[in-house]
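*Asks:* So that we are looking at the same thing, I have put the structure below in structure tokens.
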Ligand SMILES: [Fe+2]
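Numbering (our numbering), first residue to last: 247 to 584.
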């Protein structure tokens with residue numbers, strides 16, 4: 247049986263009495279949670295299922311995109327059904343944090359993950375990480391012609407030769423990292439050059455398949471789409487390779503998937519428990535053992551051994567709190583990329 251703290255136990259007892267249920271002399275099972283998830287379905291479900299098994303607390307998942315769900319939480323206000331929000335990238339969490347819509351996380355939870363993968367306001371925490379990569383087709387782009395930097399992709403020789411998923415939160419997080427690393431002026435020029443060069447695809451998988459099919463020589467994606475395809479037989483990636491940018495290039499940006507407790511939750515104790523679970527040892531072991539193939543960030547759990555070791559990545563030092571989703575979206579609209 248799960249132990250409740252005294253306040254939660256008292257509230258649970260009151261709730262049962264109010265509903266005409268048995269007068270509670272024993273702790274009630276935890277209240278059901280609603281998880282707004284922009285993460286990939288499989289990993290969100292794997293976390294939720296095992297959390298429910300361990301605690302008896304049911305979790306209902308509502309799926310959507312990072313900003314779609316963040317804007318929904320804002321629009322719903324204090325009556326939002328969301329208890330916990332997990333994203334693919336941090337800008338949507340920072341948006342909620344800046345509007346005071348997330349609750350501070352428990353200290354013990356924050357201690358599970360290195361500080362650079364957490365909100366400066368202690369109200370969201372990393373649960374997974376993903377590296378930016380260039381997927382390329384060596385028959386169209388020999389390795390000795392690879393760009394040294396993501397910044398090179400603004401040059402005219404990349405005209406119609408690079409794919410981006412401009413409408414997705416993943417690519418928008420990468421653009422926000424370029425702004426953070428290079429500053430507004432250089433990043434703005436890069437975005438203009440990239441816009442005239444890029445072919446826009448629906449998502450990361452479509453880019454990878456286009457590169458695999460020889461439609462374009464290269465594309466900017468996150469690492470795990472390629473590893474997942476390889477793990478599943480390589481049908482969409484067998485003609486491709488991955489280039490990890492190095493030397494703290496903006497193109498070596500490591501983005502973080504995060505989790506936060508929605509400030510208006512009526513189930514704060516259970517919501518805190520779910521975030522603690524995902525970022526803690528068991529949640530991270532689940533991440534490492536499933537085919538999500540994202541990097542672990544918490545509690546010293548090593549990543550899936552199929553991946554290029556996290557210690558070999560050379561990401562730029564980016565303060566995730568400074569990544570600004572709304573600014574990047576308006577910049578992308580200014581140059582006509584979205
Ligand atoms: Fe993704």
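C-beta atoms are modelled at their ideal positions from N, C-alpha and C, and glycine is treated no differently.
(1) What did DSSP end up calling residue 480 once you bin it into helix, strand or coil?
(2) What three-state label does DSSP hand residue 349 in the structure shown?
(3) Determine the DSSP secondary structure at residue 429, reduced to helix, strand or coil.
(4) Assign residue 581 to one of three DSSP states: helix, strand, or coil.
(5) Of the residues 287, 486 and 467, which one's Cα is nearest the Cα of residue 460?
(6) Within 10 Å of its beta-carbon, does residue 269 have 16 or more other beta-carbons around it, so buried, or fewer, so exposed?
(7) Can you name the start and end residues of the beta strand (DSSP E) that residue 344 belongs to?
(8) By DSSP, does residue 542 sit in helix, in strand, or in coil?
(9) If we ignore side chains and look at the alpha-carbon of each, how far apart do residue 524 and residue 403 end up?
(10) In its own chain, which residues sit with a C-beta less than 8 angstroms from the C-beta of residue 406, not counting the 5 before and 5 after it?
(11) Quick check on this structure: which residue in 366, 322, 358 and 353 has the alpha carbon closest to the alpha carbon of residue 340?
(12) Tell me whether the stretch 554-573 and the stretch 421-429 touch, counting them as touching only if at least three CB pairs, one residue from each stretch, are closer than 8 angstroms.
(13) For the beta strand (DSSP E) containing residue 374, name the first residue and the last one.
(14) Using the DSSP secondary-structure output, state which residues sit across from residue 441 in a beta bridge.
(15) Does DSSP classify residue 462 as helix, strand or coil?
(16) Does the beta-carbon distance from residue 413 to residue 584 come in below 9 angstroms?
(17) Is residue 465 near residue 380, with beta carbons less than 9 angstroms apart?
(18) At 4 residues or longer, what runs of the alpha helix (DSSP H) sit wholly inside the stretch 267-320?
(19) Buried or exposed for residue 283, please, with buried defined as at least 16 other CB atoms from any protein chain shown within 10 angstroms of its CB.
(20) Just to check my reading of the structure: residue 499 and residue 564 have Cβ atoms closer than 8 angstroms, yes? What is that Cβ distance to the nearest angstrom?
(21) Take every Cβ of the stretch 506-516, pair it with every Cβ of the stretch 339-357, and state whether three or more of those distances are shorter than 8 angstroms.
(22) Cβ of residue 334 versus every heavy atom of ligand 1: is any distance shorter than 8 angstroms?
(23) Compute the minimum distance between the beta carbon of residue 475 and the heavy atoms of ligand 1, and state whether it is under 8 angstroms.
(24) Would you mind giving the Cβ-Cβ distance between residue 458 and residue 411, rounded to the nearest angstrom? I have them listed as a contact below 8 angstroms.
(25) Out of 580, 468, 327 and 322, which one is the CA nearest neighbour of residue 453?
(26) Measure how close the beta-carbons of residue 516 and residue 294 come, nearest whole angstrom, since I'm counting them as under 8 angstroms.
*Replies:* Taking the structure as given:
(1) coil
(2) strand
(3) coil
(4) helix
(5) 486
(6) Because residue 269 sits at a pLDDT of 48, beneath the cut-off of 50, its placement in the model cannot be relied upon, and the point is left open.
(7) Counting along the chain, residue 344 falls outside any beta strand (DSSP E), though it belongs to the alpha helix (DSSP H) covering 337-344.
(8) coil
(9) 44 angstroms
(10) 443, 445 and 462
(11) 366
(12) yes
(13) 371-382
(14) Answer is none; residue 441 lacks a bridge partner.
(15) coil
(16) yes
(17) yes
(18) 287-301
(19) buried
(20) 6 angstroms
(21) yes
(22) yes
(23) no
(24) The Cβ separation is near 15 angstroms, so there is no contact.
(25) 468
(26) The pair is not a contact, with the Cβ atoms about 12 angstroms apart (cut-off 8 angstroms).
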